[in-house]
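Read in order, the letters of the sequence shown correspond to residues 1 to 217 in the UniProt record's numbering. Beta carbons are placed, not taken as given, at the ideal position from N, Cα and C, and that holds for glycine. As structure tokens, the structure follows; a few thoughts come after it.
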Amino acid sequence: MSLRFILIGLTALAIPLSFVAAPYPNELLLQHVPTVIGVVLLVIAAKRYQPSDVALGCCLAFLWLHLIGARWIYSYVPYDDMFQMLTGHTLTETFGWQRNHYDRMVHFASGVLGLPPISNFLQSYCHVSPASAAFLSVACVLAIGAGYEILEWQIGMTFSPEMAESYNGQQGDMWDAQKDMALAGLGAIITVPLIYRWVPNPVTPSGVRKNESMPRT
């Protein structure tokens, strides 16, 4: 079994483990619906499309960020406790925040970590140039983000207000959806200069894949 499937397996194992002494077990069930879907899609992608190591690593990193957020239903991720243990201060006190910003960080990360896998797919299967793939990937990130916000809207219309809030994590911010999409787009735009010349798994004339490399600066 290759290392990539071992890592995917460990990610899948983390889903049931996250229920151990979970502070919000009922809400966690709903949070892990996209986690399970993500793991299944990653297994299919790894077997059928063979994404590059960079692309696969970005997908796994995002799933782990979501696993952490899901366990504390995003609104209660205890990053302040860890920061206070290290520095004696909390991020909330330092920056005067009024809410838990872990969900904002994950939306930003969706742009940063989403660009390489999408660019990988566009180059490998749509025969798009690296630069074009990078810019098209930004549009894809924004489209996926918009679709997810529509899903959250439907959850808000379907489930109880308490369950919808525990999943959506708006924390009273009426502009939550717009801010989330903006952060995802910002993360994607910032990543463009890093990958606009990146060719995942270039193939030699003999058909053998070389080790991929990031663009030189």
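Confirm, please, whether the CB-CB distance from residue 130 to residue 199 is below 8 Å. yes
According to DSSP, residues forming a beta bridge with residue 112: In the DSSP output, where bridge partners are listed per residue, residue 112 has none listed.
According to DSSP, is residue 40 part of a helix, a strand, or is it coil? Under the three-state reduction of DSSP, residue 40 is assigned to helix.
Same chain only: Cβ atoms within 6 Å of residue 112, ignoring 5 sequence neighbours per side: 187 and 191
Excluding the 5 residues preceding and the 5 following residue 109 in the sequence, name in chain order all residues of the same chain whose CB lies nearer than 7 Å to its CB. 62, 65 and 187
Indicate whether residue 7 and residue 60 have their beta-carbon atoms separated by less than 8 Å. yes
Which of helix, strand or coil DSSP assigns to residue 77: coil
Residue 48 versus 90, 68, 31 and 5, residue with shortest Cα-Cα distance: Checking every option, the nearest Cα to that of residue 48 belongs to 5.
Going by other Cβ atoms of all chains shown within 10 Å of its Cβ, with 16 needed for buried, is residue 93 buried or exposed? exposed
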